[in-house]
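Note sheet for the following structure.
Residue numbers (this note's numbering): 719 to 994.
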């Protein structure tokens, strides 16, 4: 977007779906850093003018690097400038790199801008390192690497209505196969239809009730009682409040939930940077 502002050209972000590893190694199931819908939403907030979501297929994976530049970037899109990370690899077996792009830029007449790899705490930022930080529960490091709070996009689905019976109606969340933090209770913001709500998220197995220990993700939105089944909600993690635990009684659980909710009144929890 910065380059387009300086040059007066339209900016275009190119992304791929499904994840290349899902095509090249379908047996290997890796949680996504962001689902396709979530990724589109986040890119839309950056000021990018256009988005091209290329379907990643085995045929595309077999395309030679120069063919990708010529057929897609030059002939199809007519690019006049390209911005990539200097460690960017593309084309068949990753044969294309920044050095090749420099030669292609000269050959096909477009400007090339390279971005140096960024580091946080001495570690190079990548989707893999961010995903690992999220799955370890290191929200602070993951947020620093992302340049934004860790968030998950999910769809509200029907559950067992346990929370409602306790007096705390919760929304059960299907997280679109995105990477999520470990089990626990988290202070979060819930964003729906452009509005942001204060909420608590429980990730775990509901050990007080759940004999089968089936994993669940439940969202309690403070002072909210609307039907949001089948709606998408972005859950923005702020802080871990406590570990999940099995309570001796339903009353003990209800008492703890009230304590969790009372902590939401402490605005420093939701305004502070994400932490574990």
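Glycine residues also receive a C-beta, built at the ideal position from the N, C-alpha and C atoms.
(message) Looking at residue 793: is its Cβ nearer than 9 Å to the Cβ of residue 809?
(response) Contact annotation: residue 793 and residue 809 have beta-carbon atoms that are not nearer than 9 Å.
(message) For the beta strand (DSSP E) containing residue 731, name the first residue and the last one.
(response) Start and end: 730 to 735.
(message) Checking 9 Å against the spacing of the C-beta atoms, do residue 748 and residue 758 come in under that value?
(response) No, the pair does not count as a contact, with Cβ atoms beyond the cut-off.
(request) Check whether the segment 859 to 869 touches the segment 824 to 834, taking contact to mean three or more Cβ pairs, one atom from each stretch, closer than 8 Å. (result) Verdict: no, contact absent.
(request) Measure from the alpha carbon of residue 741 to the alpha carbon of each residue in 981, 969, 779 and 887, then state which is nearest. (result) From the listed residues 981, 969, 779 and 887, the smallest Cα separation to residue 741 is found for 779.
(request) Leaving out five residues on either side along the sequence, give the residues of the same chain with a beta carbon under 6 Å from the beta carbon of residue 982. (result) These residues qualify, in order along the chain: 916 and 940.
(message) For the beta strand (DSSP E) containing residue 697, name the first residue and the last one.
(response) Because the chain here runs from 719 to 994, residue 697 falls outside it and cannot be looked at.
(request) Spell out the partners DSSP gives residue 772 in its beta bridges. (result) The partner list for residue 772 (beta bridge, DSSP) reads 734.
(request) Compute the Euclidean distance between the alpha carbons of residue 732 and residue 777, then round it to the nearest angstrom. (result) So the two alpha carbons sit approximately 18 Å from each other.
(request) Any chance you could list the alpha helix (DSSP H) runs of at least 4 consecutive residues sitting entirely within the segment 928 to 988, in chain order? (result) As far as the segment 928 to 988 is concerned, its whole alpha helix (DSSP H) runs of at least 4 residues are 968 to 982.
(request) Please confirm whether any heavy atom of the ligand ADP lies closer than 8 Å to the CB of residue 918. (result) Here there are no bound small molecules, and the ligand ADP is not part of this structure.
(request) Could you check how far apart the C-beta atoms of residue 899 and residue 855 are, in whole angstroms? I think they sit under 8 Å. (result) Between residue 855 and residue 899 the Cβ distance is about 5 Å, and since that is below 8 Å, they are a contact.
(message) Assuming residue 760 and residue 752 are in contact, meaning their beta carbons sit under 8 Å apart, how far apart are those beta carbons, in whole angstroms?
(response) Sure, about 6 Å apart at Cβ, within 8 Å.
(message) Could you tell me which whole beta strand (DSSP E) segments of length 3 or greater appear in the segment 738 to 802?
(response) Taking only runs of at least 3 residues, the beta strand (DSSP E) segments lying wholly in the segment 738 to 802 are 768 to 773.
(message) If you follow the alpha helix (DSSP H) that residue 818 is in, where does it begin and where does it stop?
(response) Unbroken alpha helix (DSSP H) run through residue 818: 816 to 826.
(message) Cutting at 6 Å between CB atoms, please list the residues of its own chain near residue 971, excluding the five before and the five after it.
(response) Closer than 6 Å at Cβ, skipping near neighbours: 926 and 965.
(request) For my contact list, residue 807 and residue 796 are in at a C-beta cut-off of 8 Å; report their separation, rounded to the angstrom. (result) Between residue 796 and residue 807 the Cβ distance is about 24 Å, and since that is not below 8 Å, they are no contact.
(message) Going by beta-carbon coordinates alone, are residue 734 and residue 791 separated by less than 9 Å?
(response) Going by C-beta atoms, residue 734 is not nearer than 9 Å to residue 791.
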